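Residue numbers (mature numbering (1 follows the signal peptide of the UniProt record, and there is no 0)): -17 to -1, 1 to 125.
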Amino acid sequence: MFTTAAVLCALFVATLADSELPAEQPKCGINEVFYECGACDSTCWDDFNCNSRCRKPGSCGCKPTYKRNKRGVCIPPEQCPKPKCGRNEEFFMCGACDKSCSDLRPECTEICRLYGDCGCKKGFVRNGYGDCVTYRECRRRG
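Shown next as structure tokens:
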């Protein structure tokens, strides 16, 4: 009886010693959290549509809705530098969903309105070259 218990105890200890201990989580930075399945951060200049291909298992990433700036720090999107807008454009904090020469009633979904972006000023529409022009200019150029 004693030998059976000793053998079972030895097997249990050997099993514990052989099993892998969980790796220690890295210490995350300011406005970062640890993601068990990995992080896939958006940046101030590029929004990522994260999928399993871009994730590193067990890594730190920005808190939800935060973005990485050029220094690699996670910041709220409203702190991202505003892009320089072109002629007849202005910056819209909630994003732009411009009318165009071919579509005066675009269907603006939440997806196209998530982040700040340049859009046509009032009274202007986007032409086929991406410029903001008056609707009259659309008709002139065909």
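All residues carry an ideal CB built from backbone N, CA and C; glycine is no exception.
Just so you know, these numbers come straight off a predicted model, no measurement behind them.
Check residue i in the structure and name its three-state DSSP category.
{"i": "Arg109", "result": "strand"}
{"i": "Cys121", "result": "helix"}
{"i": "Glu61", "result": "helix"}
{"i": "Gln8", "result": "coil"}
Just to confirm my understanding: we take residue i, look at its own chain, exclude 5 residues before and 5 after, and list those with CB closer than 7 angstroms. What are they?
{"i": "Tyr118", "result": "Val108"}
{"i": "Thr26", "result": "Lys50, Arg51"}
{"i": "Tyr112", "result": "none"}
If I measure Cβ to Cβ from residue i and keep anything under 8 angstroms in the same chain, skipping five residues before and after, which residues do I get?
{"i": "Asn110", "result": "Ser83, Cys84, Val116, Glu120, Cys121, Arg124"}
{"i": "Glu19", "result": "Pro40, Gly41"}
{"i": "Ile13", "result": "Val56, Cys57"}
For residue i, count neighbouring Cβ atoms within 10 angstroms of its own Cβ and tell me buried if that reaches 16, exposed if not.
{"i": "Glu61", "result": "exposed"}
{"i": "Glu7", "result": "exposed"}
{"i": "Asp29", "result": "exposed"}
May I ask you to list the residues that DSSP assigns as paired with residue i?
{"i": "Tyr18", "result": "Ser42"}
{"i": "Ser83", "result": "Arg109"}
{"i": "Glu72", "result": "Cys103"}
Looking only at its chain, what residues have a beta carbon closer than 6 angstroms to the beta carbon of residue i, apart from the 5 residues adjacent to it on each side?
{"i": "Val16", "result": "Lys46"}
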